[in-house]
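A.B. asks:
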Amino acid sequence: MKIINKNLSKGFVKIQITNRDDLWYLSQLISPGDIISGKTIRKIKLGESGDRKIAIIKKSVYIKINVEKLEYTAESLRVLGPIIEGPEDIAKGSYHSFNLEENSCISIQKQRWYTYQIKKLQEASEPILPKILICVMDREEAYFAISEQSGYKLLSSVEGDVEKKDKRAVEKNTFYQDIINNINEYVSRYKIEKVLLASPAFWKDEVIKLISDPELRKRITLVTCSAAKETTINEVLKRPETQQVLRQDRVAKEIIIVEELLKEISIDGKSAYGLIEVKNASDLGAIRELLITDKFIQKARLDNVYNEIDKILKLIDKSQGNINIISSTHDGGKKLDGLGGIAAILRYRLNY
0 MKIINKNLSK
10 GFVKIQITNR
20 DDLWYLSQLI
30 SPGDIISGKT
40 IRKIKLGESG
50 DRKIAIIKKS
60 VYIKINVEKL
70 EYTAESLRVL
80 GPIIEGPEDI
90 AKGSYHSFNL
100 EENSCISIQK
110 QRWYTYQIKK
120 LQEASEPILP
130 KILICVMDRE
140 EAYFAISEQS
150 GYKLLSSVEG
160 DVEKKDKRAV
170 EKNTFYQDII
180 NNINEYVSRY
190 KIEKVLLASP
200 AFWKDEVIKL
210 ISDPELRKRI
220 TLVTCSAAKE
230 TTINEVLKRP
240 ETQQVLRQDR
250 VAKEIIIVEE
260 LLKEISIDGK
270 SAYGLIEVKN
280 ASDLGAIREL
290 LITDKFIQKA
300 RLDNVYNEID
310 KILKLIDKSQ
320 GNINIISSTH
330 DGGKKLDGLG
340 GIAAILRYRL
350 NY
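Start counting the sequence shown at 0; every next residue gets the next number (numbering that gives the first Met the number 0).
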């Protein structure tokens, strides 16, 4: 997600959607009552009612709506509400939906951005990268770099012998073993969580075949790139495979906090689950970590009971608790849905 303009003191943010994950973030950030504005396609009727020939054209217009409903899928986000501002030929109060997808630009106006919403906005626009080792290689050379928030830091490069018909296969394997040794060294030195092994063609597959350590193999994601050059490292960081690694990191963090909750529940400890228990705990300011699934939020909106959830979120925000929106698509989210979709790790144990 790219933030184009921001003034949180006035409740205003203008963003551009840069990938499909942004749609998920926006489905959690945008709430009924928010004002959404931007350029959109609107069907316009040409001709008076009663005319035999009424033409309907599609026109790009700037529209502002008061959000009433959201419909999220992995491919798009539909935001529906009555128009409060637009061209003269479009009636105020008539309904319009923004169909948001990659490259869409919109402005979001809230009465107030809460702490958990600001954190989600930052998470989407400035993702905290896990420590990733990038190795870009072919049969001649290899470059090693480590990811940083602003890009990458080059660690080293190695050269190998070009394999020709009169060269023995052992020379190729020696070069590949050098690559594996370097990967092992950097994983140990920098406590690397993920490794991106990138190459044009099949060179990366040749290297992975020689890695016998199952723990190292689990860390490695294979990526295709255009060439084995230092300049290719930025290309690798933008690849869909890299985005998947970042997504997995987010999922891992979500699963960890769900497991922490389950541990507290198992020992009858500092926990609450289900809407009634969580509401009582929020009234007392006892919530340290709220866990709520996106599925639970979506259902609350469909059932027109989101205001009740919003009150709980505001209370937790006011008492400086953390709010964790958990995806229902992974095991952690499914376990949380099994507990009612909403639960909390408490600051102290409550006797119900």
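Ideal Cβ placement from N, Cα and C applies to all residues, glycine included.
Checking 7 Å against the spacing of the C-beta atoms, do N102 and P81 come in under that value?
C.D. replies: no
A.B. asks: Could you check where the alpha helix (DSSP H) with Y347 kicks off and where it finishes?
C.D. replies: No alpha helix (DSSP H) contains Y347, which DSSP labels as neither H nor E.
A.B. asks: Please state whether the Cβ-Cβ distance between K193 and R218 is less than 7 Å.
C.D. replies: yes
A.B. asks: Short of 8 Å in beta carbon distance, which residues of its chain neighbour L209, apart from the five on each side in sequence? Order them along the chain.
C.D. replies: N172, Y175, Q176, I179
A.B. asks: Excluding the 5 residues flanking S327 on each side, which residues of the same chain have their C-beta closer than 7 Å to its C-beta?
C.D. replies: T292, D293, K294, K333, D336
A.B. asks: Between which two residues does the beta strand (DSSP E) holding F97 run?
C.D. replies: 94–99
A.B. asks: Assuming K27 and I296 make a contact with CB atoms under 8 Å, what is their CB distance in whole Å?
C.D. replies: As written in the sequence, residue 27 is Gln, which differs from the Lys given in the question. Right, their Cβ atoms sit about 7 Å apart.
A.B. asks: Quick check on the DSSP output: the beta strand (DSSP E) that includes S106 runs from which residue to which?
C.D. replies: 104–108
A.B. asks: What does a CB cutoff of less than 6 Å around K91 pick up in its chain, not counting 5 residues either side in sequence?
C.D. replies: I82
A.B. asks: Quickly, what does DSSP pair L261 with across the bridge? List them, please.
C.D. replies: Answer is none; L261 lacks a bridge partner.
A.B. asks: With a threshold of 8 Å on Cβ separation, who are the neighbours of A200 within its own chain once the five nearest residues in sequence on each side are excluded?
C.D. replies: Excluding sequence positions up to five before and after A200, its CB lies within less than 8 Å of the CB of D137, all in the same chain and listed in chain order.
A.B. asks: Looking only at its own chain, which residues have a Cβ that is under 8 Å from the Cβ of K228, when we skip the five neighbours before and after it?
C.D. replies: V135, Y142
A.B. asks: Mapping the DSSP letters down to three states, classify Y61 as helix, strand or coil.
C.D. replies: strand
A.B. asks: Verify whether the separation of the beta carbon atoms of I107 and D33 is less than 7 Å.
C.D. replies: yes
A.B. asks: Hey, is the region 310–317 in contact with the region 266–281, meaning 3+ C-beta pairs nearer than 8 Å?
C.D. replies: yes
A.B. asks: Would you mind giving the Cβ-Cβ distance between G10 and I105, rounded to the nearest angstrom? I have them listed as a contact below 8 Å.
C.D. replies: Actually they do not touch by this definition, with Cβ atoms about 14 Å apart.
A.B. asks: Looking at G339 and Y272, is the spacing between their C-beta atoms short of 7 Å?
C.D. replies: yes
A.B. asks: Roughly how many angstroms lie between the CA atoms of K164 and A226, to the nearest whole one?
C.D. replies: Reliability fails at K164, whose pLDDT of 44 lies under 50, so the model's placement of it is uncertain and no value is given.
A.B. asks: Tell me the residue span of the alpha helix (DSSP H) that contains I353.
C.D. replies: Here the chain has residues from 0 to 351 only, and residue 353 is not among them.
A.B. asks: At what residues does the beta strand (DSSP E) containing K68 begin and finish?
C.D. replies: 68–71
A.B. asks: Would you mind reading off the limits of the alpha helix (DSSP H) that contains P213?
C.D. replies: 213–218
A.B. asks: Which same chain residues, not among the five before or five after I14, have their C-beta less than 6 Å away from its C-beta?
C.D. replies: M0, I2
A.B. asks: Is it buried or exposed for Q116, if we count other Cβ within 10 angstroms and need 16 for buried?
C.D. replies: buried
A.B. asks: Please name the residue in E125, K237, I182 whose C-alpha comes closest to that of K203.
C.D. replies: I182
A.B. asks: Measuring CB to CB, does K63 end up less than 7 Å from E84?
C.D. replies: yes
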